[in-house]
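Everything in the sequence shown is counted per our numbering, starting at 36 for the first residue and increasing by one.
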Amino acid sequence: MDRFPLSCGKLALLIVLGIVLAGAAPAKASELVGPARFCGYAPIIDLLPGEKVTTLDGGIHGGSFRWEGAFGSFEVLGIGWAAPAKGRMLNPPAADRPAMFAQRRVKHGYQVAIWNGAHGTAYFTSPTPFDAPQLAAIRRVRLFEEGQEPSGCKLRTIFVWE
């Protein structure tokens with residue numbers, strides 16, 4: 036007698052079919068659309084109309100997302116408990132804006148980083164060099180770090196232990 040009459044493939048198909056028949060659908064991250072304040076991992080972005088955030092990966096100290104708008108698109112890695120970014124600092128951090136680091140070539144394209152002077156850091160990555168509209172979008176970003184609760188966040192990412 037077969038101890039496991041259902042193969043893994045059949046079992047997976049039954050689970051998917053059950054979810055579809057029950058009407059359950061996973062939430063789509065593309066629903067994070069502006070205008071609204073987005074607080075994700077470490078970056079705080081006041082999304083403009085037409086801008087959207089799509090979450091990618093998350094963890095206990097940070098995560099990544101894609102940010103799209105009139106400026107184009109790039110991926111963002113936000114870290115709420117980090118060291119300063121590597122590279123040449125263009126401006127020191129101030130109360131009203133994070134430090135910005137010069138664009139540099141990395142394995143998968145180009146990267147610009149910002150740092151709040153403490154533990155909040157964000158890395159912006161693009162397959163092509165950043166242009167003026169993209170750099171202007173990055174300058175709109177503010178940072179928070181673990182333990183802080185930014186205000187006015189209508190859209191956010193959170194880490195949940197399950």
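Cβ coordinates follow ideal geometry from the N, Cα and C atoms, glycine included.
Taking the Cβ atom as the reference point for each residue, do residue i and residue j lie within a distance shorter than 8 Å?
i: Gly104; j: Tyr76; result: no
i: Thr192; j: Gly93; result: yes
i: Val88; j: Phe106; result: no
i: Pro119; j: Arg177; result: no
i: Glu86; j: Gly113; result: no
What's the C-alpha gap between residue i and residue j?
i: Tyr158; j: Glu110; result: 8 Å
i: Gly122; j: Lys142; result: 15 Å
i: Pro162; j: Met135; result: 19 Å
i: Leu190; j: Arg140; result: 31 Å
i: Leu125; j: Thr156; result: 15 Å
i: Asn151; j: Ala117; result: 10 Å
i: Pro84; j: Trp102; result: 13 Å
i: Glu181; j: Ala167; result: 31 Å
i: Gln183; j: Pro78; result: 12 Å
i: Pro127; j: Arg175; result: 16 Å
i: Gly187; j: Leu91; result: 23 Å
Would DSSP call residue i helix, strand or coil?
i: Arg191; result: strand
i: Arg72; result: strand
i: Arg177; result: strand
i: Leu82; result: strand
Sorted by chain position, which residues of the same chain lie with C-beta nearer than 8 Å to residue i's C-beta, five sequence neighbours on each side aside?
i: Phe165; result: Phe109, Gln138, Tyr145, Val147, Phe159 and Ile173
Quick one: what's got a C-beta closer than 7 Å to residue i's C-beta in the same chain, skipping five residues either side?
i: Ala153; result: Glu180
Go through its chain and collect everything with a Cβ distance to residue i's Cβ below 6 Å, but skip five positions before and after it.
i: Asp81; result: Arg72
Which ranges does the beta strand (DSSP E) cover as unbroken runs of at least 3 residues, wholly within the stretch 91 to 172, from first to last along the chain?
97 to 104, 107 to 114, 124 to 126, 134 to 136, 139 to 141, 144 to 150 and 156 to 161
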